[in-house]
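Report on one structure; see the data block that follows.
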Amino acid sequence: MMPLHANIQAAAGFAEPVLTSQSVFRSVMNALARPGVIQTIPAVIEPPQFLMPAAAAVALALFDHDTPVWIDPAFTAAPEIADWLRFQTGAPLTDDASRAAFALVSRASALPDLEHFAQGTPEYPDRSTTLIVQADTLTDGSELVLRGPGIRGISSLYASGLPPDFAARMQANRAQFPQGVDLLLVSDAQLVALPRSTHVTAREA
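Position in the sequence shown counted from 1, then plus 52, gives you this note's numbering.
Here is the structure:
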């Protein structure tokens, strides 16, 4: 039988950890500064099964021993995900979503209620959860109209695989600003950010 550490290393991290982490971090910051604008992660990575390359790259760049991470039931059912996260990032995993600095959601259609996650406080709104949510695509779904900081006028996002009430959930999240959570939607090697400050509505048919 192959040793556990060999299985984990087979799903490798970054070949050049420092430079690649910095590049991915810049991509995430650009996404948060420009909601709705798709970023392509430059990293070449072989993540464990079920974890998309962009989600894995964000984890490698942002997770560490000080950032508790919540993973959803589908990821929990695949133990190689937790093993890889611990081995590659050192991040502690938590079953309590309200304590998580980050959350990994395997399918956007199964997005949990956002209220379950850390919302921050009026004094420290940054003490909230950032959700990394795997979508089917970012370019082939129903139109979402975005307004708010970082957007000139309006912008459109066409992510697919989202729950039917996604826009309503995001509106409720925005109503808590400056508290609330931030979302990073990922698909394959692409990501797009929906910060809590973004107003999201569904385009009327």
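C-beta: ideal position from N, C-alpha, C; glycine also.
V244 has L237 as its beta-bridge partners, per DSSP. The DSSP-derived three-state label of A254 is strand. For V110, the enclosing alpha helix (DSSP H) starts and ends at P105 to L114. Secondary structure at S75: helix, using DSSP grouped into helix, strand and coil.
The beta carbons of L190 and A83 sit no closer together than 8 Å.
Counting along the chain, I133 sits inside the alpha helix (DSSP H) bounded by residues P131 to T141.
Residues of the same chain with a CB within less than 6 Å of the CB of L214, apart from the 5 flanking positions on each side, are A160 in chain order. Its Cα nearest to that of V110, the residue V238 stands out among E256, P144, V238 and L246. If you ignore the 5 residues before and after F229, its C-beta comes within less than 7 Å of the C-beta of R248 and S249, all in its own chain and listed in chain order.
Residue environment for Q74: exposed (fewer than 16 other C-beta atoms within 10 angstroms of its C-beta). Less than 8 Å divides the Cβ of I184 from the Cβ of V157. A straight-line Cα-Cα distance of about 14 Å links A211 and L163. Taken through DSSP and simplified to helix, strand or coil, T182 comes out as strand. Counting only the Cα atoms, D188 lies some 19 Å from T253.
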